[in-house]
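**Student:**
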Amino acid sequence: MIARFEWTNARSVEDAIGQLGDKALPKAGGIDLMDRLKEGLDAPARLVNLRTIPGLESVLEESGWLRIGPLVTLAAIAEHAAIRRSYTALAEAALEAATPQIRNAATVGGNLLQRPRCWYFRSDQFDCLRKGGDTCFAQEGENEFHAIFDNSNCAIVHPSAAACALTAFRAKVVAQGKNGKREIALDDLFVRPETDITSENVLTPGELLTEILVPAPSDVTRSAYTKVGQKQSFDWPIAEAAVVLETGGGVVRKASVVLGAAAPVPWRATGAEKVLIGKPLNEVTARAAASAAVQGATPLSRNAYKIPVFEAVVRRTILAAGQGA
Ligand SMILES: Cc1cc2nc3c(=O)[nH]c(=O)nc-3n(C[C@H](O)[C@H](O)[C@H](O)COP(=O)(O)OP(=O)(O)OC[C@H]3O[C@@H](n4cnc5c(N)ncnc54)[C@H](O)[C@@H]3O)c2cc1C
Numbered sequence: 239m240i241a242r243f244e245w246t247n248a249r250s251v252e253d254a255i256g257q258l259g260d261k262a263l264p265k266a267g268g269i270d271l272m273d274r275l276k277e278g279l280d281a282p283a284r285l286v287n288l289r290t291i292p293g294l295e296s297v298l299e300e301s302g303w304l305r306i307g308p309l310v311t312l313a314a315i316a317e318h319a320a321i322r323r324s325y326t327a328l329a330e331a332a333l334e335a336a337t338p339q340i341r342n343a344a345t346v347g348g349n350l351l352q353r354p355r356c357w358y359f360r361s362d363q364f365d366c367l368r369k370g371g372d373t374c375f376a377q378e379g380e381n382e383f384h385a386i387f388d389n390s391n392c393a394i395v396h397p398s399a400a401a402c403a404l405t406a407f408r409a410k411v412v413a414q415g416k417n418g419k420r421e422i423a424l425d426d427l428f429v430r431p432e433t434d435i436t437s438e439n440v441l442t443p444g445e446l447l448t449e450i451l452v453p454a455p456s457d458v459t460r461s462a463y464t465k466v467g468q469k470q471s472f473d474w475p476i477a478e479a480a481v482v483l484e485t486g487g488g489v490v491r492k493a494s495v496v497l498g499a500a501a502p503v504p505w506r507a508t509g510a511e512k513v514l515i516g517k518p519l520n521e522v523t524a525r526a527a528a529s530a531a532v533q534g535a536t537p538l539s540r541n542a543y544k545i546p547v548f549e550a551v552v553r554r555t556i557l558a559a560g561q562g563a
């Protein structure tokens, strides 16, 4: 049963921040948060509704940045003409996430900050490391959907499709709290278990994500995103990848390759990025980069099958990004 809580409608970012704290949580679309209340993972004294704050639902292209409000829904991102044209991997990631009903309510800010779906973490029967216990049950247990990188302490996979794409675009977020505003690169927003096993991001309690800033692409930037799940709808990815490329003179000049559902954070495949630079964008290069992307994987007892799946996903995504080049 959900414990009783107070509900308040925030009038502004400052009003929301004033009402947040250890015992109060912000609510955007509520898709993840309400699940957590039902699962007994959280029992806040107060929920602060962010959807009543005006001005957090816009997408603006200005001065070298795409500025996305945290309350923009995944559906709105998937449909936005400029995002589809110039930030294709982000539109595709939003379009592939969850279901049409969920995408209509789920916000991009909430998507980035949702908590992991690991069934041991979500179940009140298991007091796992991430909940302050002393065991990661996935290490010896049912780990077929768990991490293949950085999994020795806690084997969650980062759940956010938007995080995968936005990390590939080298986006940053603006966070605002009682002590003011700060900008955080997506590469620094998410926390590895070695750093803090009880949180997935560096936001402090009471800090709000107020904006997402994506650098404007050049004329030769192309991107793509691929998700593979066990079934096509209502499903979380087994493997996903976002690729952002810049080409010139017949070769790749810049490359950003990020894997989702691979590690506790969006996983930058630096090996694949290195392989791509200076090479012509073709099947041979894509295969070599895909092979580099899975080097160093440390699969658990039941998820080694993810390695060839990731290899295929990375190869396809590089080639899909290259089609527009
Ligand atoms: C069946 C199903 C399938 C799914 N499949 C996918 C999938 O394939 N890919 C994927 O990425 N997701 C998937 N999801 C997850 C879903 O997309 C997320 O739960 C949703 O995006 C969360 O957004 P929200 O606005 O509802 O966030 P909320 O539930 O409102 O919030 C999530 C968290 O973020 C915090 N928060 C929200 N906004 C802010 C803010 N502005 N500042 C600070 N903190 C904030 C909240 O306190 C909470 O802790 C799936 C969900 C379901 C139920």
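Note that my numbering gives residue 242 to position 4 of the sequence shown, counting from 1, and the numbers run on in steps of one.
Backbone N, C-alpha and C fix where the C-beta goes; we use that ideal spot for every residue, glycine too.
For ligand 1, is there a heavy atom less than 7 Å away from the beta-carbon of Ile291?
**Tutor:** As a position in the sequence shown, residue 291 is number 53, starting the count at 1. No, the beta carbon of Ile291 sits no closer than 7 Å to any heavy atom of ligand 1.
**Student:** Pull up the distance between the alpha-carbon of Phe243 and that of Asn287, whole angstroms please.
**Tutor:** To locate residue 243, count along the sequence shown from 1; it is residue 5. To locate residue 287, count along the sequence shown from 1; it is residue 49. Rounded to whole angstroms, Phe243 to Asn287 spans 12 Å at the Cα level.
**Student:** Lys544: buried (16+ other C-beta within 10 angstroms of its C-beta) or exposed?
**Tutor:** Position 306 of the sequence shown holds residue 544. Per the 10 Å Cβ criterion, buried.
**Student:** For Thr321 and Pro504, I'd like the C-alpha separation in whole angstroms.
**Tutor:** Counting from 1 along the sequence shown, the entry for residue 321 is found at position 83. Counting from 1 along the sequence shown, the entry for residue 504 is found at position 266. First, the residue type needs correcting, since residue 321 is Ile and not Thr in the sequence shown. Computed Cα separation, rounded: 21 Å.
**Student:** Per DSSP, what are the beta-bridge partners of Glu432 in this structure?
**Tutor:** Taking the sequence shown and counting its residues from 1, the one referred to as residue 432 is at position 194. Beta-bridge pairing links Glu432 to no other residue.
**Student:** Do the region 253-270 and the region 338-349 meet, that is, are 3 or more Cβ pairs less than 8 Å apart?
**Tutor:** With a cut-off of 8 Å, the region 338-349 and the region 253-270 count as touching, because enough Cβ pairs lie within range.
**Student:** In angstroms, rounded to a whole number, what distance separates the CA positions of Arg420 and Val522?
**Tutor:** Walking along the sequence shown from the start, residue 420 turns up at place 182. Walking along the sequence shown from the start, residue 522 turns up at place 284. Computed Cα separation, rounded: 42 Å.
**Student:** Does Pro453 come out as helix, strand or coil in the three-state DSSP assignment?
**Tutor:** Your numbering for residue 453 matches position 215 in the sequence shown. Note: Pro453 maps to strand in three-state DSSP.
**Student:** Check this for me: beta carbons of Leu304 and Leu447, under 8 Å apart or not?
**Tutor:** To locate residue 304, count along the sequence shown from 1; it is residue 66. To locate residue 447, count along the sequence shown from 1; it is residue 209. No; because the gap between Cβ atoms is not below 8 Å, this pair is not in contact.
**Student:** At a cut-off of 7 Å, is Lys265 close to ligand 1 when judged by its beta-carbon and the heavy atoms of the ligand?
**Tutor:** Along the sequence shown, one-based indexing puts residue 265 at 27. At least one heavy atom of ligand 1 is nearer than 7 Å to the Cβ of Lys265, so yes.
**Student:** Would you mind working out which of Val482, Pro455 and Asn417 sits nearest Tyr463, comparing C-alpha positions?
**Tutor:** Residue numbering aside, residue 463 sits at position 225 when the sequence shown is read from its first letter. Nearest option by C-alpha distance: Val482.
**Student:** DSSP on Gln414, reduced to helix/strand/coil?
**Tutor:** Taking the sequence shown and counting its residues from 1, one reaches residue 414 at position 176. It is a strand residue.
**Student:** Quick one: does the C-beta of Thr337 sit closer than 7 Å to a heavy atom of ligand 1?
**Tutor:** Against the sequence shown, residue 337 aligns to sequence position 99. Indeed, a heavy atom of ligand 1 lies less than 7 Å from the Cβ.
**Student:** Is the CB-CB distance between Val547 and Ala477 below 8 Å?
**Tutor:** On the sequence shown, residue 547 is found 309 positions in, with the first residue counted as 1. On the sequence shown, residue 477 is found 239 positions in, with the first residue counted as 1. Yes. Within cutoff.
**Student:** In chain order, what residues of the same chain lie with their CB nearer than 7 Å to the CB of Ser539, ignoring the 5 residues before and after it?
**Tutor:** Sequence index remark: in the sequence shown, residue 539 carries index 301 (1-based). Here the set comprises Asn381.
**Student:** Between which two residues does the beta strand (DSSP E) carrying Trp357 extend?
**Tutor:** For the purposes of this step, residue 357 is identified with residue 119 of the sequence shown, where counting begins at 1. Note, Trp357: premise wrong, no beta strand (DSSP E); alpha helix (DSSP H) at Trp357 to Arg360.
**Student:** What does DSSP give as the partner residues of Glu502 in its beta bridges?
**Tutor:** The sequence position of residue 502 within the sequence shown is 264, counting from 1. Note on identity: in this sequence residue 502 is Pro, with Glu being the wrong assignment. Its beta-bridge partners do not exist; DSSP assigns none.
**Student:** Are Gly516 and Val489 closer than 8 Å when you measure CB to CB?
**Tutor:** The residue labelled residue 516 in the question sits at position 278 within the sequence shown. The residue labelled residue 489 in the question sits at position 251 within the sequence shown. It is a contact, given that the beta carbons lie within the stated cut-off.
**Student:** Examine ligand 1 and report whether any of its heavy atoms sits within less than 7 Å of the Cβ of Arg270.
**Tutor:** If you number the sequence shown from 1, residue 270 lands on position 32. A small correction: the amino acid at residue 270 is Asp; Arg does not occupy that position in the sequence shown. Within the cutoff, so yes.
**Student:** By DSSP, does Glu380 sit in helix, in strand, or in coil?
**Tutor:** Here residue 380 corresponds to residue number 142 of the sequence shown, with the count starting at 1. Correct three-state label for Glu380: coil.
**Student:** Regarding Ile240 and ligand 1, is the C-beta to nearest heavy atom distance less than 7 Å?
**Tutor:** Stepping through the sequence shown from its first residue, residue 240 is reached at position 2. The answer is no for Ile240.
**Student:** With H, G and I counted as helix, E and B as strand and the rest as coil, what does DSSP make of Glu295?
**Tutor:** Taking the first residue of the sequence shown as 1, we reach residue 295 at position 57. Three-state DSSP puts Glu295 in coil, outside helix and strand.
**Student:** Can you tell which of Ser456, Gly560, Phe375 and Leu441 has its C-alpha closest to the C-alpha of Cys392?
**Tutor:** Position 154 of the sequence shown, counted from the first residue, corresponds to residue 392. The residue with the shortest Cα to Cα distance from Cys392 is Phe375.
**Student:** Mapping the DSSP letters down to three states, classify Thr442 as helix, strand or coil.
**Tutor:** Taking the first residue of the sequence shown as 1, we reach residue 442 at position 204. Three-state result, Thr442: coil.
**Student:** Can you say whether Glu330 is buried or exposed, counting buried as having 16 or more other CB atoms within 10 angstroms of its CB?
**Tutor:** Taking the sequence shown and counting its residues from 1, the one referred to as residue 330 is at position 92. By the neighbour-count rule (16 or more Cβ atoms within 10 Å), Glu330 is buried.
**Student:** Work out the CA separation of Ala528 and Leu514 for me, nearest whole Å.
**Tutor:** Translated into positions along the sequence shown, residue 514 becomes position 276. Translated into positions along the sequence shown, residue 528 becomes position 290. For Leu514 and Ala528, the distance between alpha carbons rounds to 10 Å.
**Student:** Can you give me the C-alpha to C-alpha distance between Glu511 and Ser494, rounded to a whole angstrom?
**Tutor:** Taking the sequence shown and counting its residues from 1, the one referred to as residue 511 is at position 273. Taking the sequence shown and counting its residues from 1, the one referred to as residue 494 is at position 256. Their Cα atoms are separated by approximately 6 Å.
**Student:** Counting only the same chain and skipping the five closest in sequence on each side, list residues whose C-beta sits under 7 Å from that of Arg430.
**Tutor:** Start at 1 with the first residue of the sequence shown, and residue 430 comes out as number 192. The residues are Asp388, Pro502 and Val503.
**Student:** Using DSSP bridges, identify the partner residues of Pro264.
**Tutor:** For this step, residue 264 is matched to residue 26 along the sequence shown. In the DSSP output, where bridge partners are listed per residue, Pro264 has Val286.
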